[in-house]
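In the UniProt record's numbering, the protein residues as written are 1 to 282.
All residues carry an ideal CB built from backbone N, CA and C; glycine is no exception.
Here the structure is a predicted model, which is why all the values come from computation and not from measurement.
Reading through the structure tokens given below for one structure.
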């Protein structure tokens, strides 16, 4: 009888041990799968989890991203989220790119723009040929052009500007002379053009208002002598004193070093992949 009870206990312990080992194996297997880089892309090139775009805008932008990516053979991606889930913007962007299988070719070439609304973070991560195409100086140039739109909530304009510039920079890099240092695309920033147009319109409106005011004062004529503007006997000078009013200062501009090339700074992500890029706030 005692032996039977002992055998049952041993059998129960063995069963519990097998169950425990099985559960641990399932957990480790799931964790391992999460950290495996897929061979093919798992998500679209536009992932708008923060819901910044309308359905029509999403279709338009995704089609543009797909066309550029397939023609350039480098994924150009836009991702928006509400939260970084405790990660830095750099780590989130790198991991999202790696573990969702983005990148074309053996070197997983591509560029991803991440926008997080929680603390208004943005980050661009580059991989493979994207690192050579988007140098540190190039990243500054690109961000200078889309950030004004992003800050103003003009999200489609921001993402289209980013996509078009990625296209231009990838094309230029294929010539063997990537945009870098003082070698950048020519032409004014789109937001600067809009600013100049707005300023010009404001000046025209102001001139029209002033002209209208001038015409309404036709009865007023300028007098040749200042005496006509002063009432006789109303001014009595009791004290005179000289005051120094103006000074002249000459300044020389400090020369800037714009001739050097910046290249691309790189780092290694949690998957062991080399990434370039950078980011900030908007």
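{"Query": "Enclosing alpha helix (DSSP H) for residue 126 [first to last residue]", "Result": "First-last for residue 126: 121-127, but that is the beta strand (DSSP E), not the alpha helix (DSSP H)."}
{"Query": "Contact under 8 Å by Cβ, residue 118 with residue 83", "Result": "yes"}
{"Query": "Among 179, 103, 113, 149, nearest to residue 93 - alpha-carbon criterion", "Result": "113"}
{"Query": "Per DSSP, the bridge partner or partners of residue 77", "Result": "112"}
{"Query": "Bridge partners - residue 274, DSSP secondary structure assignment", "Result": "268"}
{"Query": "Pairwise C-alpha distance: residue 115 and residue 153", "Result": "12 Å"}
{"Query": "Close Cβ partners of residue 147 (< 6 Å) along its chain, the five nearest in sequence each way excluded", "Result": "282"}
{"Query": "Host alpha helix (DSSP H) of residue 48 (start-end)", "Result": "Counting along the chain, residue 48 falls outside any alpha helix (DSSP H), though it belongs to the beta strand (DSSP E) covering 46-48."}
{"Query": "Boundaries (first-last residue) of the alpha helix (DSSP H) holding residue 94", "Result": "89-99"}
{"Query": "Where the alpha helix (DSSP H) through residue 168 begins and ends", "Result": "155-173"}
{"Query": "Proximity below 8 Å, CB of residue 136 to CB of residue 280", "Result": "no"}
{"Query": "For residue 138 and residue 169, believed in contact at Cβ under 8 Å, the rounded distance", "Result": "6 Å"}
{"Query": "Distance between residue 105 and residue 123 (C-alpha atoms, nearest Å)", "Result": "23 Å"}
{"Query": "Bounding residues of the alpha helix (DSSP H) (the contiguous stretch that carries residue 286)", "Result": "What the structure shows of the chain is the stretch from 1 to 282, and residue 286 is not part of that stretch, so it cannot be assessed."}
{"Query": "Straight-line gap, residue 110 to residue 268 (C-alpha atoms, nearest Å)", "Result": "15 Å"}
{"Query": "Burial state of residue 161 (16 or more Cβ within 10 Å)", "Result": "buried"}
{"Query": "DSSP-derived helix/strand/coil call for residue 134", "Result": "coil"}
{"Query": "Per DSSP, cross-strand counterpart(s) of residue 180", "Result": "183"}
{"Query": "Where residue 25 sits in the DSSP three-state scheme", "Result": "With a pLDDT of only 45 at residue 25, under the threshold of 50, the placement of this residue in the model should not be trusted; the figure read from the coordinates follows. Residue 25: helix per DSSP, three-state reduction."}
{"Query": "C-alpha gap between residue 182 and residue 141, whole angstroms", "Result": "11 Å"}
{"Query": "For residue 264 and residue 131, the rounded distance between their alpha carbons", "Result": "6 Å"}
{"Query": "Bridge partner(s) assigned by DSSP for residue 104", "Result": "109"}
{"Query": "Classification of residue 42 by the beta-carbon crowding that lies within 10 angstroms, buried from 16 upward", "Result": "exposed"}
{"Query": "Beta-ladder partner(s) of residue 280, from DSSP", "Result": "122"}
{"Query": "Coil, strand or helix - residue 151 by DSSP", "Result": "helix"}
{"Query": "Minimum C-alpha distance to residue 73 - residue among 55, 144, 103, 53", "Result": "103"}
{"Query": "Candidates 71, 121, 86, 107, of which the one nearest residue 309 by Cα", "Result": "Here the chain comprises residues numbered 1 to 282, so residue 309 is not present and cannot be evaluated."}
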